[in-house]
Amino acid sequence: MEESEQKVATNLPRSEVAAAQPAQSSGAGAGTEVFGAKKVSCYYGSFRAVTDVSLHIYEHEITAFIGPSGCGKTTVLRTLNRMNDLVPGAHVKGDVEYRGVSLYGKNVSPIAVRRRIGMVFQKPNPFPKSIYDNVAYGPRINGERNKGKLTEIVERSLRQAALWDEVKDRLNNSGLGLSGGQAQRLCIARTLAVEPDVVLMDEPCSALDPIATAAIEDLMRDIKQRYTIVIVTHNMQQATRVSDRTAFFSVLRNEESDTRTGVLVEYGRTQQIFEDPNDPRTKAYVTGRMG
Amino acid sequence: MAEHRQEFQQELEAIEARVIEMFGMLAEDLGRATDALLTGNNEAVKLLAERQKVIEALYPEIESLVNRAILLQAPVASDLRFLLSVLRIVPELERSHALVEHIARRADHILGNDLSPRSRGLVERMGALVSDMWRQASDAWYRRDSSVAPELAERDQELDDLHESLIGELASGGMAIPVTMEMTLVARFYERLGDHAVIVARRVVYLAGSQPPE
Chain A
10 MEESEQKVAT NLPRSEVAAA QPAQSSGAGA GTEVFGAKKV SCYYGSFRAV
60 TDVSLHIYEH EITAFIGPSG CGKTTVLRTL NRMNDLVPGA HVKGDVEYRG
110 VSLYGKNVSP IAVRRRIGMV FQKPNPFPKS IYDNVAYGPR INGERNKGKL
160 TEIVERSLRQ AALWDEVKDR LNNSGLGLSG GQAQRLCIAR TLAVEPDVVL
210 MDEPCSALDP IATAAIEDLM RDIKQRYTIV IVTHNMQQAT RVSDRTAFFS
260 VLRNEESDTR TGVLVEYGRT QQIFEDPNDP RTKAYVTGRM G
Chain B
357 MAEHRQEFQQ ELEAIEARVI EMFGMLAEDL GRATDALLTG NNEAVKLLAE
407 RQKVIEALYP EIESLVNRAI LLQAPVASDL RFLLSVLRIV PELERSHALV
457 EHIARRADHI LGNDLSPRSR GLVERMGALV SDMWRQASDA WYRRDSSVAP
507 ELAERDQELD DLHESLIGEL ASGGMAIPVT MEMTLVARFY ERLGDHAVIV
557 ARRVVYLAGS QPPE
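If you read the sequences in order, they're chains A and B. Count along the first sequence starting at 1, add 9, and that's the number in the numbering used here. Count along the second sequence starting at 1, add 356, and that's the number in the numbering used here.
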């Protein structure tokens, strides 16, 4: 079992070169493509939550998904690491390529996918364990038993998550005793501990105060040198502050059949989306006139 | 879907109304100034000085409305482009009206018949051309029409040619020295007014964005 999973995991390429080198500036041209979604539609049972989404996500960039409630941005985010597989009745049509390999291919293990493509959730959800054990959890599952190595990983991950200085003297305290912002950074450290390639963030700051939010945003900018980040946010100012590209999703209503589905309206450089959007729906949403 | 932010929308409209008012005064007064200069009618001089005071009061008022909107409303997209454009354009309008007033003020020193027939004709043509350029610039702003900028740049070239001709005529020494000195300034004022109109039309390119005018 473990062996076959290992084999599947090797099917998922990881750009070693890219992981070793810091990102070049995401100025003019687009970098290496990490995800390529092609006409992706997501269903929960017979309900089509999202229709025909095609977009590319690039290495060492922060890509923001924005849009009103029910537009399917979280659903699309969850297709990027097969999180929707866990929802009964959910299925995906179309294809999502991750570094050139189809994520929904027959011999791709969702476990291996999620190892590469980590996720941080809206509500900080530390395990009821010590801070140390929270971060060491993933590497241990991956078979890391060496105490020295684990300690090294814990420190590195907590440093990357900008939490080390605040918790280094109380690593054995419970993760549940941290403040909201600290707990969220602990969850980010836990995600980073397994050295993923991509970090998906589903409204990571919506439960946090402005100071904790600023800390998470700084952290996102720091770690994008090493990771690729996709973030769902309701806070448009946050999208403008941190993201390189922005995808605007909206709800398409069909009056005749009385159904609605999420669609990708516009995707581009963040500055363009917020300064000079092409689609009137994007303009109405970002200026706060509609939606 | 409901329309939101109506109060903000009203604030934007109030700012636009004031900008349009400035454009309007400028366009009206340009014709008056040329007329005053050529006919020596110094009635207009007082009026234009009054209007300059109105413009000088409007300028900081608009500026503070824009500052407030940027600070409190976190504008983006066309709202942001509009507010930034207003900040850039209002000083142009204020400067331009000051130039118009300077032209009118010469009506106090120069009598229409102090001018040679050729320089009179050139001033007339420059005045008409500049008035027309400003009308176009105002329309471009109002209609968010980015296509006007290249056309105005061409017309500005025409104005520069007239400016050169007038300077040549003044340099030929056919008029009294004080009149020649004043007219050199007047020529320069018209030429600057043309430049400001071109700058305004260029600002409209950013204001209009990539979307066709609504």
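Note that beta-carbon positions come from the ideal geometry of N, C-alpha and C, so glycine has one too. If you're wondering where the values come from, they're calculated on a predicted model, not measured in any experiment.
Any beta carbon from chain B within less than 7 Å of residue 271(A)'s own beta carbon?
Your numbering for residue 271(A) matches position 262 in the first sequence. No, no contact with chain B.
Entirely within the stretch 45-111 of chain A and at least 3 residues each: give me those beta strand (DSSP E) ranges in chain order.
56-67, 71-75, 99-107
Counting along the chain, where does the beta strand (DSSP E) carrying residue 178(A) start and finish?
By 1-based counting over the first sequence, the position of residue 178(A) is 169. DSSP places residue 178(A) outside any beta strand (DSSP E), giving it a letter other than H or E.
Is DSSP giving residue 128(A) helix, strand or coil here?
Position 119 of the first sequence, counting from 1, holds the residue named residue 128(A). DSSP places residue 128(A) in strand when its eight states are reduced to three.
Measure the C-alpha to C-alpha separation of residue 156(A) and residue 90(A) and round it to an integer number of angstroms.
Here the question's residue 156(A) lines up with position 147 in the first sequence. Here the question's residue 90(A) lines up with position 81 in the first sequence. Approximately 30 Å between the Cα atoms of the pair.
Starting from residue 437(B), trace the alpha helix (DSSP H) both ways and give me its first and last residue.
The sequence position of residue 437(B) within the second sequence is 81, counting from 1. From DSSP, the alpha helix (DSSP H) with residue 437(B) extends over 433-461.
Per-residue burial, residue 28(A) [other beta carbons within 10 Å of its own, 16 or more giving buried]:
In the first sequence, the residue the question calls residue 28(A) occupies position 19. Its pLDDT being 41, under 50, residue 28(A) is placed unreliably in this model, and the coordinates cannot settle the point.
Report all residues from its chain with a CB closer than 7 Å to the CB of residue 16(A); omit the five preceding and five following residues, and keep chain order.
Here residue 16(A) corresponds to residue number 7 of the first sequence, with the count starting at 1. With a pLDDT of only 44 at residue 16(A), under the threshold of 50, the placement of this residue in the model should not be trusted, and no figure is reported.
Given that residue 502(B) touches chain A, what residues does it touch there, using C-beta distances under 7 Å?
Residue numbering aside, residue 502(B) sits at position 146 when the second sequence is read from its first letter. Within 7 Å Cβ-Cβ: nothing; residue 502(B) doesn't reach chain A, min ~12 Å.
What residue range does the alpha helix (DSSP H) around residue 227(A) cover?
Here residue 227(A) corresponds to residue number 218 of the first sequence, with the count starting at 1. Here the alpha helix (DSSP H) through residue 227(A) covers 219-232.
Close-in-space but distant-in-sequence residues of the same chain around residue 165(A) (CB under 7 Å, 5 per side omitted):
For the purposes of this step, residue 165(A) is identified with residue 156 of the first sequence, where counting begins at 1. Here the set comprises nothing.
Proximity test, Cβ basis, 7 Å: residue 435(B) and chain D:
The chain labelled as chain D is not found among the protein chains of the depicted structure, namely A and B.
Within 10 angstroms of the Cβ of residue 56(A), are there 16 or more other Cβ atoms? Answer buried if so, exposed if not.
What you label residue 56(A) is simply residue 47 of the first sequence in a count that begins at 1. Flag for residue 56(A) reads exposed.
Which residues in chain B sit within 7 Å of residue 298(A), going by Cβ to Cβ distance?
The residue you call residue 298(A) lines up with position 289 of the first sequence. The contacting residues are 359, 360, 361.
Collapsed DSSP secondary structure at residue 206(A) in the structure displayed
Translated into the one-based positions of the first sequence, residue 206(A) becomes position 197. Looking at residue 206(A) - three-state DSSP - the assignment turns out to be coil, as it is neither helix nor strand.
Looking only at C-alpha atoms, which of 470(B), 556(B), 387(B), 414(B) sits nearest to residue 371(B)?
Along the second sequence, read from residue 1 onward, the residue named residue 371(B) stands at position 15. It is 414(B) whose Cα lies nearest to the Cα of residue 371(B).
Members of the stretch 241-269 of chain A near chain B, C-beta cut-off 8 Å
245, 246, 249
Supposed contact pair residue 382(B) and residue 453(B) - C-beta distance, whole angstroms, cut 8 Å
Position 97 of the second sequence holds residue 453(B). Position 26 of the second sequence holds residue 382(B). With 8 Å as the limit, residue 453(B) and residue 382(B) qualify as a contact, their Cβ atoms being about 5 Å apart.
Delimiting residues of the alpha helix (DSSP H) encompassing residue 540(B)
Counted from its first residue, the second sequence places residue 540(B) at position 184. It spans 533-564 - the alpha helix (DSSP H) in which residue 540(B) sits, taken as one unbroken run.
Does the stretch 252-260 of chain A come close enough to the stretch 77-91 of chain A to have 3 or more Cβ pairs within less than 8 Å?
yes
Select from 214(A), 94(A), 131(A), 101(A) the residue whose C-alpha is nearest the C-alpha of residue 246(A).
On the first sequence, position 237 is the one that residue 246(A) refers to. Measuring from the Cα of residue 246(A), the nearest candidate turns out to be 214(A).
Under 8 Å, CB to CB, which of the residues in the stretch 417-442 of chain B have a partner in chain A?
430, 431, 432, 433, 434, 435, 436, 437
Can you tell me whether DSSP reads residue 261(A) as helix, strand or coil?
Taking the first sequence and counting its residues from 1, one reaches residue 261(A) at position 252. Here residue 261(A) sits in strand by DSSP.
Who pairs with residue 256(A) in a beta bridge, going by DSSP?
Taking the first residue of the first sequence as 1, we reach residue 256(A) at position 247. Its beta-bridge partners are 74(A), 276(A).
Which residues share a DSSP beta bridge with residue 271(A)?
Taking the first residue of the first sequence as position 1, residue 271(A) is located at position 262. DSSP lists 59(A), 260(A) as partners of residue 271(A).
With DSSP as the reference, identify every bridge partner of residue 183(A), one or two as the case may be.
Within the first sequence, the letter at position 174 stands for residue 183(A). DSSP, once it has assigned bridges, lists 139(A) as partnering residue 183(A).
Would the stretch 287-299 of chain A count as touching the stretch 406-424 of chain B if we require 3 or more Cβ pairs under 8 Å?
no
By Cβ distance below 7 Å, which residues in the same chain neighbour residue 181(A) in space, the five residues on each side in sequence not counted?
On the first sequence, residue 181(A) is found 172 positions in, with the first residue counted as 1. So the qualifying residues of the chain are 139, 141.
Can you tell which of 431(B), 442(B), 461(B), 424(B) has its C-alpha closest to the C-alpha of residue 555(B)?
The residue labelled residue 555(B) in the question sits at position 199 within the second sequence. Comparing Cα-Cα distances from residue 555(B) to each of 431(B), 442(B), 461(B), 424(B), the minimum goes to 442(B).
Pull up the DSSP beta-bridge partners for residue 239(A), would you.
Along the first sequence, read from residue 1 onward, the residue named residue 239(A) stands at position 230. BP columns for residue 239(A) point to 72(A), 209(A).
Residue environment, residue 366(B), which counts as buried when at least 16 other CB atoms sit within 10 Å:
Here residue 366(B) refers to the residue found at position 10 when the second sequence is read from its first residue. Answer is exposed; the Cβ neighbour count stays below 16.
In three-state DSSP terms, what is residue 42(A)?
Translated into positions along the first sequence, residue 42(A) becomes position 33. Strand.
Starting from residue 506(B), follow the alpha helix (DSSP H) in both directions and report where the run begins and ends.
To locate residue 506(B), count along the second sequence from 1; it is residue 150. It spans 504-527 - the alpha helix (DSSP H) in which residue 506(B) sits, taken as one unbroken run.
Do residue 362(B) and the ligand MN come close, with the Cβ less than 6 Å from some heavy atom?
Inclusion of the ligand MN in the displayed structure is not the case, the ligand content being empty and no account of it being possible.
Of the residues 272(A), 137(A), 286(A), which one's Cα is nearest the Cα of residue 63(A)?
The count along the first sequence starts at 1 and reaches residue 63(A) at position 54. A check of alpha carbon separations from residue 63(A) across 272(A), 137(A), 286(A) identifies 272(A) as the nearest.
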